[in-house]
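Q:
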Amino acid sequence: MLGYHVPDPDEAMLISGGAVKGETPFRVIIGRGSWVIPFFRKVSYLSLAMFEAEIAERCVTKQAIQLDVRAVIAFKVANDTGSIVNAAQRFLSEQQNEMSVLTGRIFSGHLRSIIGSMTVEEIIRERQRLADEVLIASKVEMSNIGLSVDSFQIQSIDDSGLGYITALAAPHNAAIQRDAQIAEANASQRAAEAEQESLRRRAEYERETSLLKAQYQRDIDKAQAEADQAGPLAEAVALQEVLTAQAEQARKQAELRAEQLQAEVVKPAQAEAERVRILAEAEANRTRIQADAAASNNRIALDQLLIEQLPEIVERASRGLSGANLTVLNGPDGVSEIVNSMVGQGLTVFNSLQKALANDDDHSDRSGREVTP
């Protein structure tokens, strides 16, 4: 059938029936397609996928000890043209399933051969060396049939209950158990030491905690006692400060009241007393002058005497006022008013004396007339 054929990615397409370059009996195509002429060409496919083969073989060691060995082989058809041709000529079509059987037989034979040259101890200790030697020994035969081995793994080795492998493992197991016991004992000792250390630290912690609590309680009691003592003391200090403040306030009020009394009572009283004294002195002077005038019976001389005494009267009035603590509120005008007042008082005294003398004269005249025959 005329058509264009393409193999799967894990297949090799084999075209036979035509002329082929080289020594290969057919064309090998991988990863691409090709035109095929019917009747004159034939197309076949060879799998390049991975295959697996398991073996379970009873082998005899160098010591004549039987071992049951289980292993697994992973293999496939190699990718080069020569290997594909070799594999196709042996396993094409239905015979491809025979690759696993043949591979298992090849590896089983080499496995028995190599184990027969080794002791059990070597096999147990050097299992990977055994696998490598079997793989190397099988490589030539596998290559001849176009197969390549990806891996060979020994799964298990057993002496079929003979106990030899167990005996070999006994010293190691004993050492392991001994080491485990020693490790367990050391661990128990360390655990005990850790527990003792923990108990010791706990006791130390509790002791320090008790000391701290006791110290803390002492501090609290001391602070409470100081607070209890500080309460009355603070109240007493506060009360003393209040009393002091009240006393200071009373003193200031007393000073203020004294100043008010000085201004309102004492100074006016002093001024009034001075005024009374001045008037009394004026009255005394009037009496003296009146007596002198009566003696001389000269009115002109009396007036002249009063005029001469007027400055002295004013001076005495000014001296009296100078002793009084008076406050001048309006500056020079206030001073002028005070001076004018003093002069006015002098004139008032002078007029009073004149009137008094005049009255006395009239009275004297009337008296004289009454007594004159």
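Residues 1 to 373 in the UniProt record's numbering are what the sequence shown lists, from first letter to last. Ideal Cβ placement from N, Cα and C applies to all residues, glycine included.
Give the DSSP bridge partners of Gly3, in chain order.
A: For the purposes of this step, residue 3 is taken as residue 3 along the sequence shown, with counting starting at 1. BP columns for Gly3 point to Val36.
Q: Among Leu67, Ile55, Ile114, which has the Cα closest to the Cα of Leu102?
A: The residue given as residue 102 occupies position 102 in the sequence shown. Considering only alpha carbons, the answer is Ile55.
Q: Just the Cα atoms here: how many angstroms apart are Ala271 and Ala250?
A: Here residue 271 refers to the residue found at position 271 when the sequence shown is read from its first residue. Here residue 250 refers to the residue found at position 250 when the sequence shown is read from its first residue. Cα to Cα, Ala271 sits roughly 29 Å from Ala250.
Q: What did DSSP end up calling Asp10 once you bin it into helix, strand or coil?
A: For the purposes of this step, residue 10 is identified with residue 10 of the sequence shown, where counting begins at 1. When DSSP states are grouped into helix, strand and coil, Asp10 belongs to the coil group.
Q: When the Cα atoms are used, what is the spatial distance from Arg58 to Leu162?
A: As a working mapping, residue 58 is identified with position 58 in the sequence shown. As a working mapping, residue 162 is identified with position 162 in the sequence shown. Straight-line Cα distance between these residues: approximately 14 Å.
Q: DSSP three-state call for Asp80: helix, strand or coil?
A: Position 80 of the sequence shown, counted from the first residue, corresponds to residue 80. Reduced to three states, the DSSP call for Asp80 is coil.
Q: Buried or exposed: Met13, going by 16 or more other Cβ atoms within 10 Å of its Cβ?
A: Reading the sequence shown from its first residue, position 13 is the one you call residue 13. Met13 should be labelled buried.
Q: Taking C-alpha atoms, which residue in Met142, Ala137, Ala131 lies nearest to Ser156?
A: Counting from 1 along the sequence shown, the entry for residue 156 is found at position 156. The shortest C-alpha separation from Ser156 is found at Ala131.
Q: Based on the DSSP secondary-structure assignment, which residues constitute the bridge partners of Leu147?
A: Within the sequence shown, the letter at position 147 stands for residue 147. Answer is Val77, bridged to Leu147.
Q: Could you work out which residue in Ala282, Val60, Gln262, Gly18 is closest to Ser160 when comparing CA atoms only?
A: Counting from one through the sequence shown, the residue named residue 160 turns up at place 160. Checking every option, the nearest Cα to that of Ser160 belongs to Val60.
Q: Exposed or buried, which one is Val20 when buried takes at least 16 other CB atoms within 10 Å?
A: Here residue 20 refers to the residue found at position 20 of the sequence shown. Per the 10 Å Cβ criterion, exposed.
Q: Considering only the beta carbon of each residue, do Asn144 and Asn86 sit closer than 8 Å?
A: Along the sequence shown, read from residue 1 onward, the residue named residue 144 stands at position 144. Along the sequence shown, read from residue 1 onward, the residue named residue 86 stands at position 86. For Asn144 and Asn86, yes; Cβs fall inside 8 Å.
Q: According to DSSP, Lys222 sits in a beta bridge with which residue or residues?
A: As a working mapping, residue 222 is identified with position 222 in the sequence shown. According to DSSP, which records beta bridges pairwise, Lys222 is partnered with nothing at all.
Q: On the three-state DSSP scale, how would you describe Ser16?
A: Here the question's residue 16 lines up with position 16 in the sequence shown. Ser16: strand per DSSP, three-state reduction.
Q: Taking just the CA atoms, how far does Lys139 sit from Ile106?
A: Looking up residue 106 in the sequence shown gives position 106. Looking up residue 139 in the sequence shown gives position 139. Approximately 10 Å between the Cα atoms of the pair.
Q: Please confirm if the stretch 43-54 is in contact with the stretch 68-84, defined as three or more CB-CB distances below 8 Å between the two stretches.
A: With a cut-off of 8 Å, the stretch 68-84 and the stretch 43-54 count as touching, because enough Cβ pairs lie within range.
Q: Measure the alpha-carbon distance for Gln189 versus Ala167 and round it to whole angstroms.
A: Here residue 189 corresponds to residue number 189 of the sequence shown, with the count starting at 1. Here residue 167 corresponds to residue number 167 of the sequence shown, with the count starting at 1. Spanning the two alpha carbons is a distance of roughly 32 Å.
Q: With H, G and I counted as helix, E and B as strand and the rest as coil, what does DSSP make of Arg70?
A: The residue you call residue 70 lines up with position 70 of the sequence shown. It is a strand residue.
Q: Based on the DSSP secondary-structure assignment, which residues constitute the bridge partners of Asp158?
A: Here the question's residue 158 lines up with position 158 in the sequence shown. Its beta-bridge partners are Asp68.
Q: In terms of residue numbering, what span does the alpha helix (DSSP H) encompassing Arg112 cover?
A: Start at 1 with the first residue of the sequence shown, and residue 112 comes out as number 112. Segment 98-115, the alpha helix (DSSP H) holding Arg112.
Q: Over the uninterrupted alpha helix (DSSP H) stretch that includes Arg125, give me the two end residues.
A: As a first step, residue 125 is located in the sequence shown; it is residue number 125 there, counting from the start. Its alpha helix (DSSP H) spans residues 120-125.
Q: Compute the beta-carbon to beta-carbon distance between Ile136 and Ile165, rounded to the nearest angstrom, for a pair I have assumed lies under 8 Å.
A: Here residue 136 refers to the residue found at position 136 of the sequence shown. Here residue 165 refers to the residue found at position 165 of the sequence shown. Going by Cβ atoms, the distance from Ile136 to Ile165 rounds to 26 Å, so no, they are not a contact pair.
Q: Compare the Cα-Cα distances from Gln66 to each of His5, Gly116, Gln196 and report the closest residue.
A: Indexing the sequence shown from 1 puts residue 66 at position 66. The shortest Cα separation from Gln66 among His5, Gly116, Gln196 belongs to Gly116.
Q: Specify the secondary structure class of Lys42 as computed by DSSP and reduced to three states.
A: The residue given as residue 42 occupies position 42 in the sequence shown. The DSSP-derived three-state label of Lys42 is strand.
Q: Would you give the residue range spanned by the beta strand (DSSP E) that Glu54 belongs to?
A: As a first step, residue 54 is located in the sequence shown; it is residue number 54 there, counting from the start. Element bounds for Glu54: 51-60.
Q: What does the alpha-carbon distance come out to for the pair Met142 and Ile29?
A: Here residue 142 refers to the residue found at position 142 of the sequence shown. Here residue 29 refers to the residue found at position 29 of the sequence shown. Computed Cα separation, rounded: 22 Å.
Q: For Gln63, name the three-state secondary structure that DSSP assigns.
A: Working through the sequence shown from its first residue, we reach residue 63 at position 63. Gln63: coil per DSSP, three-state reduction.
Q: For Ser198, does the count of other Cβ atoms within 10 angstroms reach 16, so buried, or fall short, so exposed?
A: Counted from its first residue, the sequence shown places residue 198 at position 198. Classification of Ser198: exposed, given that the 10 Å Cβ count is below 16.
Q: In this structure, does DSSP put Ser367 in helix, strand or coil?
A: Numbered from its first residue, the sequence shown carries residue 367 at position 367. Bear in mind that a pLDDT of 49 at Ser367, under 50, signals an unreliable position, so the model cannot answer this.
Q: According to DSSP, which residues form a beta bridge with Val91?
A: Here residue 91 refers to the residue found at position 91 when the sequence shown is read from its first residue. Looking at the sequence itself, residue 91 is Phe, so the reference to Val does not match. Its beta-bridge partners do not exist; DSSP assigns none.
Q: List the endpoints of the continuous beta strand (DSSP E) containing Ile30.
A: Here residue 30 refers to the residue found at position 30 when the sequence shown is read from its first residue. Here Ile30 belongs to no beta strand (DSSP E), and DSSP marks it neither H nor E.
Q: Please tell me whether Arg32 and Gly17 are closer than 8 Å, where the distance is taken between their beta carbons.
A: Start at 1 with the first residue of the sequence shown, and residue 32 comes out as number 32. Start at 1 with the first residue of the sequence shown, and residue 17 comes out as number 17. Contact: no.
Q: Tell me, to the nearest whole angstrom, how far the beta carbon of Ile114 is from that of Glu126; I am working on the premise that it is less than 8 Å.
A: Residue numbering aside, residue 114 sits at position 114 when the sequence shown is read from its first letter. Residue numbering aside, residue 126 sits at position 126 when the sequence shown is read from its first letter. So it is not a contact: roughly 11 Å between Cβ atoms.
Q: Report the start-end ranges of each beta strand (DSSP E) in the stretch 177-214 that is 3 residues or longer and not cut off at the edges.
A: none
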